[in-house]
Amino acid sequence: ETKFDPGYEPDWAVISTVKQERRQEHPPVREKGTVLNCQWGSFSLPLSELYSLRRARFSLGRNFLVLTTRGGDPLPPLHFQRGGARELLKAMQRPVNMPSDWSSLQRFIQDPYATTFGGFSKVTNFFRGALPHTHQESPLSNRSPQDAHCPHPADEEPGFELITCVKLGPRPQVKRGKPLDNWDQFLDPEGRVIDPQKVKELVFRGGIVPSLRREVWKFLLGFYPWNSTTKEREDILRVKTDEYFRMKVQWKSVSEEQEMRNSLFRGYRSLIERDVNRTDRHNSFFSGNENPGLALLHDVLMTYCMYNFDLGYVQGMSDLLSPLLFVTQNEVESFWCLTGFMDLVHQNFEESQEAMKQQLLQLSVLLRALDPELCDYLDSQDSGSLCFCFRWLLIWFKREFSFEDILSLWEVLWTRLPCENFHLLMASSILESQKEELIGSNHDFNSILKHINELTMKLDLQSILCGAEAIYLQLTHCKELPLKVQEVLGLRVPCSSSDESPNSEPKETDTLLTQSEARGASSCQPFNGQTPQRTPPTYP
538 ETKFDPGYEP DWAVISTVKQ ERRQEHPPVR EKGTVLNCQW GSFSLPLSEL YSLRRARFSL
598 GRNFLVLTTR GGDPLPPLHF QRGGARELLK AMQRPVNMPS DWSSLQRFIQ DPYATTFGGF
658 SKVTNFFRGA LPHTHQESPL SNRSPQDAHC PHPADEEPGF ELITCVKLGP RPQVKRGKPL
718 DNWDQFLDPE GRVIDPQKVK ELVFRGGIVP SLRREVWKFL LGFYPWNSTT KEREDILRVK
778 TDEYFRMKVQ WKSVSEEQEM RNSLFRGYRS LIERDVNRTD RHNSFFSGNE NPGLALLHDV
838 LMTYCMYNFD LGYVQGMSDL LSPLLFVTQN EVESFWCLTG FMDLVHQNFE ESQEAMKQQL
898 LQLSVLLRAL DPELCDYLDS QDSGSLCFCF RWLLIWFKRE FSFEDILSLW EVLWTRLPCE
958 NFHLLMASSI LESQKEELIG SNHDFNSILK HINELTMKLD LQSILCGAEA IYLQLTHCKE
1018 LPLKVQEVLG LRVPCSSSDE SPNSEPKETD TLLTQSEARG ASSCQPFNGQ TPQRTPPTYP
């Protein structure tokens, strides 16, 4: 508002790691109610793009505001050194033109998701309390939360959500179970797994004893289909072994002259050789200069480049392979387990980093629902993007826990229980456990990053797993859980995601199994005229 006077010379600081240009000689172009000025810089935001505006809690000992756009990106926090936050909020409320007819007002109270009040319609919670209470009770004000998910009429504006503070219920106590220690009880006489879901639940609850990991991991990572027989798995292993060595011969046969003319291949080899020499060297399987484990690590990664040349090799993939190679003790099996693992996380390594940005945003959504105070503090220290969690999500906490703990953790995550984003719940659990240390020590951005990095090898895995599961149960029991949180937990499918998940594509081992079943059916069983229930998948 042009006449707004906070009562002092504005000197609130825009805190950001991005250097902002100072243009004192040219004041910023002023659009109606969109420009915020201070002596350190300025930025503009159309009010139609404003999703939320948060004021810090007094317990933090600071007074600042954080504006968030509809895209979910927080703007640099505004620190008020001499007060004025309340005055700014009041000034932003005053330009709102209230409707002249109460039918429109009742329509707004009934459904703030779809009613537009000019440019400020997205921030309904700031002036809802100022409306006359005599008009808030209306027979029209009975739209249920389920109705809010229904399509909006053509003349209404969708795409935003009422900002409310959701009160979560108590967090339940969770205990870990015993590891899976009897594999044979889940196999029928022909070797098929009788109850895959039960197996996954046991693994999620307590992991797997070391002696069974080599066998069970191949099912969890898709190398063997759950409904395959012992004979069919022998056929699959033979076919996949031949395929692996054909790909290995391809890069082995590249001459020096050919490699000199192929900079991409040369770059992959250079990266792999460098990373192999520094991957888990403390582990006896990879220690020493002439250790055969290092050669296997190198060869499997080079062969993966031939398997997926578009992605090739990206730093961090050696961290994913080393536990697989350690457990399987087999070059071929570790390779195909790696391809199954990469099916789950390959988007983490894509150059655009869009998947990583999305996961950090989803982690922010979870953390804000769980602990708004911690989020406000991180925002005030320019750490609201949670970029210090990047390594956690990229390689699934590989460098945060001990090697043995990682074996237990990954087999839990591979079950995809209770949701595909359980690793984000783990990250939330870790951040919550560090809240007192972060806020009490008044860290800045660099100190926060340093503190997070120093957590390596100091976290208790079982406590973090219990905390993550407890968070999931607490959130899912909330009856008014925000839609964004529901989407992260897999309780609601985003409206825009019409494409099928890449994980739903059939695997080549399924195709091999289907072919084996077809051969067996044609040679051993008479045709009964019935259509088979399982349609053979096509390998893309």
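Residues 538 to 1077, numbered by the working numbering, are exactly what the sequence shown covers, in order.
The beta carbon of each residue, even a glycine, is placed where N, CA and C say it ideally should be.
From a predicted model like this one, the values you see are computed outputs, not experimental measurements.
Subject >> Sub-8 Å separation of residue 869 and residue 767 beta-carbons >> reply: no
Original post:
Should residue 968 be flagged as near chain C, meaning a C-beta pair shorter than 8 Å?
Top reply: You won't find chain C in this structure, because it holds only one protein chain.
**OP:** Give the secondary structure of residue 760 by DSSP, where H, G and I count as helix, E and B as strand, and everything else as coil.
**Re:** coil
**OP:** Note down, in chain order, each residue of its chain lying with its Cβ closer than 8 Å to the Cβ of residue 961, except the 5 sequence neighbours on either side.
**Re:** 896, 899, 900, 903, 930, 1025
Original post:
In angstroms, rounded to a whole number, what distance separates the CA positions of residue 831 and residue 867?
Top reply: 13 Å
**OP:** Leaving out five residues on either side along the sequence, give the residues of the same chain with a beta carbon under 8 Å from the beta carbon of residue 749.
**Re:** 717, 718, 720
**OP:** Report buried or exposed for residue 731, applying the criterion of at least 16 other Cβ atoms within 10 angstroms of its Cβ.
**Re:** exposed
**OP:** For residue 1054, I'd like the list of residues in its chain whose CB is within less than 6 Å of its CB, leaving aside the five on either flank, ordered along the chain.
**Re:** Bear in mind that the predicted position of residue 1054 carries a pLDDT of just 49, short of 50, making it too unreliable to give a figure here.
Subject >> Contact belief for residue 932 with residue 997 at Cβ below 8 Å, rounded distance in angstroms >> reply: At roughly 20 Å, the Cβ-Cβ gap does not stay under 8 Å, so residue 932 and residue 997 are not in contact.
Original post:
Apart from the five residues just before and just after residue 843, which ones in its own chain have a Cβ nearer than 7 Å to its Cβ?
Top reply: 784, 787, 788
Subject >> Other residues of its chain near residue 922: CB distance less than 7 Å, five sequence neighbours each side excluded >> reply: 897
Original post:
Between residue 911 and the rest of its own chain, which residues show a CB-CB distance below 6 Å, the 5 nearest in sequence each way excluded?
Top reply: 972
Subject >> Other residues of its chain near residue 755: CB distance less than 6 Å, five sequence neighbours each side excluded >> reply: 761
Subject >> Reference residue 853, options 824, 823, 816, closest by Cα >> reply: 816
**OP:** Would you tell me roughly how many angstroms separate the C-alpha atoms of residue 925 and residue 839, rounded to the nearest one?
**Re:** 30 Å
**OP:** Look at the Cβ atom of residue 876, then the Cβ atom of residue 741, and state whether they are nearer than 8 Å.
**Re:** no
**OP:** Give me the Cα-Cα distance between residue 828 and residue 795, rounded to the nearest whole angstrom.
**Re:** 29 Å
**OP:** Note down, in chain order, each residue of its chain lying with its Cβ closer than 8 Å to the Cβ of residue 994, except the 5 sequence neighbours on either side.
**Re:** 937, 938, 939
Original post:
How big is the Cα-Cα spacing for residue 835 and residue 874?
Top reply: 16 Å
**OP:** Quick one: grab the DSSP three-state call for residue 661.
**Re:** The pLDDT assigned to residue 661 is 33, lower than 50, so where the model puts this residue is not dependable; a value taken from the coordinates is nonetheless given after this. Helix at residue 661.
**OP:** State buried or exposed for residue 623, treating a residue as buried only when at least 16 other CB atoms are found within 10 Å of its CB.
**Re:** exposed
Original post:
With burial defined as no fewer than 16 other Cβ atoms inside 10 Å of the residue's Cβ, what is the status of residue 559: buried or exposed?
Top reply: Because residue 559 carries a pLDDT of 41, less than 50, the predicted location of this residue cannot be relied on, and no value is offered for it.
Original post:
What do you get for residue 806, buried or exposed, if any count of 16 or more other CB atoms within 10 angstroms of its CB means buried?
Top reply: buried
Original post:
Taking the alpha helix (DSSP H) that residue 736 falls in, what are its first and last residues?
Top reply: 733-743
**OP:** Using three-state DSSP, classify residue 770 as helix, strand or coil.
**Re:** helix
**OP:** Drop a sphere of 10 angstroms on the beta-carbon of residue 800, count the other beta-carbons inside from all chains shown, and report buried for 16 or more, exposed for fewer.
**Re:** exposed
Original post:
Straight-line CA distance for residue 782 to residue 983?
Top reply: 47 Å
Subject >> At least 3 beta-carbon pairs within less than 8 Å: the stretch 885-895 vs the stretch 954-969 >> reply: no
Original post:
Which parts of the stretch 852-897 are runs of the beta strand (DSSP E), unbroken and 3 residues or longer, counting only runs that do not cross its ends?
Top reply: none
**OP:** Within the stretch 939-998, note down every full alpha helix (DSSP H) run reaching 4 residues or more, in order along the chain.
**Re:** 940-951, 959-970, 972-977, 982-990
**OP:** Answer yes or no: do residue 915 and residue 934 have a C-beta to C-beta separation smaller than 8 Å?
**Re:** no
**OP:** Would you mind stating whether residue 1078 and residue 861 have Cβ atoms separated by less than 8 Å?
**Re:** No statement about residue 1078 is possible, as the shown extent of the chain runs from 538 to 1077 and does not include it.
**OP:** Report all residues from its chain with a CB closer than 8 Å to the CB of residue 606; omit the five preceding and five following residues, and keep chain order.
**Re:** 582, 586, 587, 588, 612
Original post:
residue 1000: buried (16+ other C-beta within 10 angstroms of its C-beta) or exposed?
Top reply: exposed
**OP:** Return helix, strand or coil for residue 588, following the three-state DSSP convention.
**Re:** strand
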